[in-house]
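Peer 1: The listed protein sequences correspond, in order, to chains A and B. Take the first sequence: its position 189, counting from 1, is numbered 188 in numbering that gives the first Met the number 0, and each next residue is one higher. Take the second sequence: its position 120, counting from 1, is numbered 119 in numbering that gives the first Met the number 0, and each next residue is one higher. For every residue, glycine included, the Cβ atom is placed at its ideal position computed from N, Cα and C. The structure presented is a predicted model; accordingly, all values stated were derived computationally and were not measured.
2 protein chains.
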Amino acid sequence: MIKIDYTNVMAETIGERDGILREELLSFRHFVVEVHSRIQKEKEKKFYFAKLPYQDTTPIKELANEIREKFDYFVLIGIGGSSLGAEMLFQSLTDRNYNLFNKPKFFVMDNVDPEKFHAILQQIELEKTCFNVISKSGSTVETIANFAVVFEMIKEKLGDRWKEHLIFTTDPEKGFLRKFGEENGIKLLDIPKPVGGRFSVFTPVGLLPAAVVGIDIDEVLKGAKKMDLVCSVEEHVEHNPAYLIALTHYLANMRRGKTISVMMPYGERLSSFVDWYRQLWAESLGKDGLGQTPVKALGTVDQHSQIQLYRHGIRDKIITFIQIDKMEVDYKISDNIPEDISYLSGHSLHEILNKELLGTKVALIKSKVPNITIVLDKVSPYNIGMLVYLYELATGFSGYLYKVNPFDQPAVEEGKNFTYALMGREGYEEKLEEFRELYREKYKIEVQ
Amino acid sequence: MIKIDYTNVMAETIGERDGILREELLSFRHFVVEVHSRIQKEKEKKFYFAKLPYQDTTPIKELANEIREKFDYFVLIGIGGSSLGAEMLFQSLTDRNYNLFNKPKFFVMDNVDPEKFHAILQQIELEKTCFNVISKSGSTVETIANFAVVFEMIKEKLGDRWKEHLIFTTDPEKGFLRKFGEENGIKLLDIPKPVGGRFSVFTPVGLLPAAVVGIDIDEVLKGAKKMDLVCSVEEHVEHNPAYLIALTHYLANMRRGKTISVMMPYGERLSSFVDWYRQLWAESLGKDGLGQTPVKALGTVDQHSQIQLYRHGIRDKIITFIQIDKMEVDYKISDNIPEDISYLSGHSLHEILNKELLGTKVALIKSKVPNITIVLDKVSPYNIGMLVYLYELATGFSGYLYKVNPFDQPAVEEGKNFTYALMGREGYEEKLEEFRELYREKYKIEVQ
């Protein structure tokens, strides 16, 4: 079960300067109906992610079972949209100590940080490791660089068997991974053409790693299907959770100056859900000088770090809390504690966590900071499936509100091109020239 | 060595709409000189953190050695300013796999998340664990709640010896921890009166855990002293790194609309330095409707998540990159790799990391996004000591620029009070009444 409580973004609760009027929401009625029907038609194309919950997962589950039998370590080599989804499913839906007590152990090589790379190598045995290299384009620098180092290592260590330790997840036709994989008989998995990285968690990109660590991916997709069903039927913004998330954030941003969207789960399990959301929101909508800056926070920890700012700083934030009603374990405080702290007796840690959320929420209401609460009855595969689909659709819908294409990322290329130039890659000589014109180190202070 | 390159915040590089004029910096000359002399005088009071690098660390080192001999696990129970400093030193200055290969293993119980609590319990043995409970006030809810559960457990498991497994770090006179500690003969460490949580990393709050995990705390303080020395001598903003950081951010914020301060290290080791900075910047300056929102990012990972937004979204950001010139390990890509990716041959992961930083920086220059780069020759205790002191002083100085008190956090209390009320704590009956008046759940969507 997912419940979205948006009482505290409404003007009724926090006033008209910071809150949204019900009339404003309803004035978008015709717009919503029109976009709704467009989205239904675009599910074969731009909104293809909406079809993914209906796939047959048998091949993925079979492959995952093979991997679970053959390997003790599963290393995902990928970055951004190729890693955040799998990490989110892993952190949300497996035990926090999964790698201590389970196999295959799961690691992600995303960054080109040699210390991180080294730390993962220290924890695996190459003979027992499956490397899943993931890149839609097949040429992401970080991914290919990490792969290149691994490639040398497994060839040396495993001889001809190196190919059996690799799985490539990539474009069905193009790119280096596809070509090299086909030439060498490496197991290849397709990322459907119309699906970009940050919308790919329900392709093999997210589902294979999830199945390998024992997550019930059918339950995840069942939740996504349920959310798709609700959102396909409901044209009214007050009954469609995805459109509601999109429209409240859009109005908060464009009419109330809330340029920052904070997401603050109370429950560390959902911490990497926010990393996934951050990419989705920023890369999809950060265009044409528009888009909110997504900010990651964590309850209760950030009460002791960010709440001062959220209450008394610039009035530029809308906050999404995530509340978990039931947790896997809990610890109750006994009656046998010192008198001075006896007000804690009988309460449990989880209860305190949720009371702190409630206390923080009311403090924010008093400061007129708009906030939405998403309540999950528990962190289950089904609920995470709903939540993921909810935000994917909300993001797609927001594209229409902001009048930007939520499925591209044109501003990302430039930095890559300069990097290629700096690495001396052929064909980037002009970029190197441009770099030399733009880059100076003139104003500096140095302390030895 | 620390080098601050601020070429790319200057109008010369990115234009006057987004960049700062040298005249603007220099126009604060008299202000800087005046504040400088005030700060020197306030080192006995508000700026007491500036005296901490000069302390005698012998007692901390001796205690740390005792702990290292007697215990296999060291658990810090504390949150916010009581944990972020120690975690930052731990993550920056020990091996990423420290807990796999070293003793005492180090854990932090900050949140009241029962799953996190449980996961730590699974990894320790109470008979071999030292719990360091840290709270300036001695009454932080999360800390005392976690302590209360631990208290029951160690009393049951260890009998009379429970006291030997506790160290309290708290106010020298007041609060529950002080009182209970004195009554029961528990080892007590003082947090000097004038030092608040987020400025306390150079007290036993940060230094004892650091010494326990084997960090050379004298080197850390040596770096801090060096930075203090430079900043005490240099009155000119172009030679004083702390004033420069403060003034460039202030001008970017108040005169160029850069309401967000992103900190983006290239090197995962420094990831928790940003968590520490986030609290320092937000809680110190987020007052009177002012202050920047600090945002955590990580290179290269967030190139694939946030750079689209930073380049083409709202023009509200100033970015601080942190570059590391030398890392502990590195991996070079051989010549023996497939032709299609041969442009990677001969490059190392660390080299690629830093070239990506350079490429990203130039892409941001092209989009006229102001950015500063802090270069460390390596991540050493000395350099981290410099960096920490640099930001503490920059924050203190910023208080004068924004005309706010950087050492209090008045907006944090309200949420706590509502939480106490919800827990039925005596004396909070009126707050409960107020809660009931303010809190509604009227607008909701639910999906089963």
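(1) Compute the Euclidean distance between the alpha carbons of Arg-268(A) and Pro-113(B), then round it to the nearest angstrom.
(2) Do we get a CB-CB distance below 7 Å when we pair Arg-160(B) with the residues of chain A?
(3) Does DSSP put Ser-341(A) in a helix, in a strand, or in coil?
(4) Quick one, which of Phe-130(B), Ile-78(B) and Asp-227(B) has its alpha-carbon nearest Ser-304(A)'s?
(5) Could you tell me which chain A residues have their CB closer than 7 Å to the CB of Asp-227(B), listed as they occur along the chain?
(6) Among residues of its own chain, excluding the 5 on either side of Val-403(B), which ones have a beta-carbon nearer than 6 Å to its beta-carbon?
(7) Taking just the CA atoms, how far does Cys-129(B) sit from Phe-175(B)?
(8) Count the other C-beta atoms from every protein chain shown that fall within 10 angstroms of the C-beta of Phe-70(B), then say buried if there are 16 or more, exposed otherwise.
(9) Cβ of Leu-437(A) within 7 Å of Cβ of Ile-13(B)?
(10) Step through the CB atoms of chain B and report whether any lies within less than 7 Å of the CB of Met-422(A).
(11) Output needed for Leu-125(A): all residues of its chain with C-beta closer than 8 Å, excluding positions within five of it in sequence on either side, in chain order.
(12) Let me confirm a value: Tyr-276(A) is counted as buried when at least 16 other C-beta atoms fall within 10 Å, else exposed. Which label applies?
(13) Is the CB-CB distance between Leu-75(B) and Ala-63(B) below 7 Å?
(14) Check for me: the alpha helix (DSSP H) holding Leu-437(A) runs from which residue to which?
(15) Going by beta-carbon coordinates alone, are Leu-356(B) and Ala-281(A) separated by less than 7 Å?
(16) Our contact map puts Phe-396(A) next to Ala-245(A) with C-beta atoms below 8 Å; I'd like the distance itself, whole angstroms only.
(17) Note down the Cα distance separating Ile-444(A) from Pro-240(B), rounded to an integer number of angstroms.
(18) I'd like the list of long-range same chain contacts for Leu-187(A), defined as Cβ closer than 6 Å, with 5 residues on each side in sequence excluded.
(19) Does Leu-450(B) have its Cβ less than 7 Å from a Cβ in chain A?
(20) Got a sec: is the Cβ-Cβ distance from Asn-353(A) to anything in chain B below 7 Å?
(21) So which of Leu-431(A), Glu-440(A), Leu-400(A) and Asn-416(A) has the shortest CA-CA distance to Val-32(A)?
(22) Apart from the five residues on each side of it in sequence, which residues of its chain come closer than 8 Å, Cβ to Cβ, to Val-236(A)?
(23) Just to confirm the assignment, what range does the alpha helix (DSSP H) spanning Gln-408(A) have?
(24) Check the DSSP bridge columns for Lys-2(B) and list the partner residues they point to.
(25) Under the rule that 16 or more other beta-carbon atoms within 10 Å means buried, what is Asn-416(A), buried or exposed?
(26) Is the Cβ of Leu-387(A) closer than 7 Å to any Cβ of chain B?
(27) Going along chain A in order, which residues have a C-beta closer than 8 Å to the C-beta of Tyr-242(B)?
(28) Which bits of chain B does Met-263(A) rub up against, with CB to CB less than 9 Å?
(29) Is the Cβ of Arg-255(A) closer than 7 Å to any Cβ of chain B?
(30) Once DSSP output is grouped into helix, strand and coil, what is the label at Gly-213(B)?
(31) Residues in its own chain within less than 8 Å of Val-8(B) by CB, not counting five upstream and five downstream?
(32) So, does the CB of Leu-125(A) fall closer than 7 Å to a CB anywhere in chain B?
(33) Taking all protein chains shown into account, decide if Gly-426(A) is buried (16 or more other Cβ within 10 angstroms of its Cβ) or exposed.
(34) Can you list, in chain order, the residues of its chain with a C-beta nearer than 6 Å to that of Asp-189(B)? Leave out the 5 residues immediately preceding and following it.
(35) Which of the three DSSP states, helix, strand or coil, is assigned to Asn-252(A)?
(36) Alpha carbon to alpha carbon, how far is Ile-336(A) from Thr-359(B)? Give it in angstroms, no decimals.
Peer 2: Once the coordinates are examined:
(1) So the two alpha carbons sit approximately 11 Å from each other.
(2) Output row for Arg-160(B): interface = no.
(3) The answer is helix: DSSP assigns Ser-341(A) an H, G or I state.
(4) By alpha-carbon distance to Ser-304(A), the top candidate from Phe-130(B), Ile-78(B) and Asp-227(B) is Ile-78(B).
(5) Proximity of chain A to Asp-227(B) at the Cβ level (cut-off 7 Å) is not reached, the minimal Cβ distance being about 11 Å.
(6) Cβ contact annotation for Val-403(B) (same chain, cutoff 6 Å, sequence separation greater than five): Lys-286 and Asp-287, in chain order.
(7) The alpha-carbon atoms of Phe-175(B) and Cys-129(B) are separated by roughly 20 Å.
(8) When all chains shown are included, Phe-70(B) counts as buried.
(9) Cβ distance not < 7 Å, so Leu-437(A) and Ile-13(B) don't count as in contact.
(10) Yes - at least one Cβ of chain B is within 7 Å of the one on Met-422(A).
(11) Result list for Leu-125(A): Met-152, Ile-153, Lys-156, Leu-157 and His-164, in chain order.
(12) The residue in question, Tyr-276(A), is buried, as its Cβ has 16 or more Cβ neighbours within 10 Å.
(13) With contacts defined by Cβ atoms closer than 7 Å, Leu-75(B) and Ala-63(B) do not form a contacting pair.
(14) Where Leu-437(A) is concerned, the enclosing alpha helix (DSSP H) stretches over 428 to 437.
(15) Judged by their CB atoms, Leu-356(B) and Ala-281(A) are not nearer to each other than the 7 Å cut-off.
(16) Yes, they are in contact, since the Cβ atoms of Phe-396(A) and Ala-245(A) sit about 4 Å apart, within 8 Å.
(17) In this structure, the straight-line span from the alpha carbon of Ile-444(A) to that of Pro-240(B) is close to 7 Å.
(18) These residues qualify, in order along the chain: Phe-167 and Gly-180.
(19) Nothing in the structure corresponds to residue 450(B), since chain B is present only between 0 and 447.
(20) So, not an interface residue.
(21) Distances from the CA of Val-32(A) to each of Leu-431(A), Glu-440(A), Leu-400(A) and Asn-416(A) were compared; the closest alpha carbon is that of Leu-400(A).
(22) In chain order, Leu-24, Leu-25, Phe-27, Arg-28, Val-31, Tyr-242, Leu-243 and Leu-246 place their CB closer than 8 Å to the CB of Val-236(A), counting only its own chain and leaving out the 5 sequence neighbours on each side.
(23) No alpha helix (DSSP H) contains Gln-408(A), which DSSP labels as neither H nor E.
(24) Lys-2(B) is bridged to Glu-445(A) and Val-374(B).
(25) With 16 or more other Cβ atoms within 10 Å, it is buried.
(26) Inspection of the sequence shows that residue 387(A) is occupied by Val rather than by Leu. Taking Cβ atoms only, chain B never reaches closer than 7 Å to Val-387(A), which makes this a no.
(27) Chain A residues near Tyr-242(B): none, gap ~10 Å exceeds 8 Å.
(28) What Met-263(A) touches in chain B: nothing, since even the nearest Cβ is about 12 Å away.
(29) Interface with chain B (7 Å Cβ-Cβ cutoff): Arg-255(A) is excluded.
(30) Secondary structure at Gly-213(B): coil, using DSSP grouped into helix, strand and coil.
(31) The residues Gly-18, Ile-19, Thr-247, Ala-251, Ile-317, Pro-369, Asn-370 and Ile-371, in chain order, have a CB closer than 8 Å to that of Val-8(B) in the same chain once the five nearest residues on each side in sequence are set aside.
(32) So, not an interface residue.
(33) The residue in question, Gly-426(A), is exposed, as its Cβ has fewer than 16 Cβ neighbours within 10 Å.
(34) Excluding positions up to five away in sequence, the list reads Pro-171.
(35) Asn-252(A) falls in the helix class under three-state DSSP.
(36) Going by the C-alpha atoms only, they are around 54 Å apart.
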